[in-house]
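First residue of the sequence shown? That's 1 in this note's numbering, and the numbers climb one at a time after it. Just so it is clear, CB atoms sit at the ideal spot from N, CA and C, and this is done for glycine as well. These figures come from a predicted structure and were not determined experimentally.
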Amino acid sequence: MSSVPVVIKAEDRRVCRVYYNYLYNYLLNNNFNPPAITNFDDIKHCNTVINSMMQHFFPDNAQRLTHIQHMQFDSQAVVNTQY
């Protein structure tokens with residue numbers, strides 16, 4: 001029996017941008033060529049791209065969970081520094 005893929009959902013464009021930037025930089029630094037997102041206002045599209053990247057580059061749920069924790073930590077830091 002296969003497991004259901006772990007997904008992440010950004011609630012707004014600021015969080016979506018943080019999630020995407022984390023993944024983009026991680027993948028770029030590890031010699032991958034990640035896809036670009038140009039419109040962070042389309043939250044549904046942004047979440048689709050982020051989760052597609054996660055499923056493609058991190059096929060294991062445990063790997064995904066580790067990266068999700070990092071992304072959520074990064075997004076919380078951004079939210080806490082907003083004035």
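Among the options, nearest to residue i - alpha-carbon criterion
i	options	result
Thr48	Leu65, Phe32, Tyr20	Tyr20
Gln63	Asn31, Glu11, Leu23, Ala10	Leu23
Asn14	Ile8, Asn30, Asn31, Asp41	This sequence places Arg at residue 14; Asn is not what is there. Residue Asp41 is the option with its Cα nearest to Arg14.
Asn30	Gln72, Phe58, Asp74, Phe73	Phe58
Alpha carbon of residue i to alpha carbon of residue j, nearest angstrom
i	j	result
Asn25	Pro5	22 Å
Leu27	Ile43	21 Å
His45	Ala36	12 Å
His67	Pro34	15 Å
Gln76	Gln55	23 Å
Leu65	Thr38	25 Å
Asn61	Ser52	13 Å
Lys9	Ser3	19 Å
Asp12	Phe32	26 Å
Ile50	Cys16	8 Å
Cutoff 8 Å: residue i Cβ touching any chain C Cβ
i	result
Gln72	Here there is only one protein chain, and chain C is not present.
C-beta atoms of residue i and residue j nearer than 8 Å
i	j	result
Val7	Asp74	no
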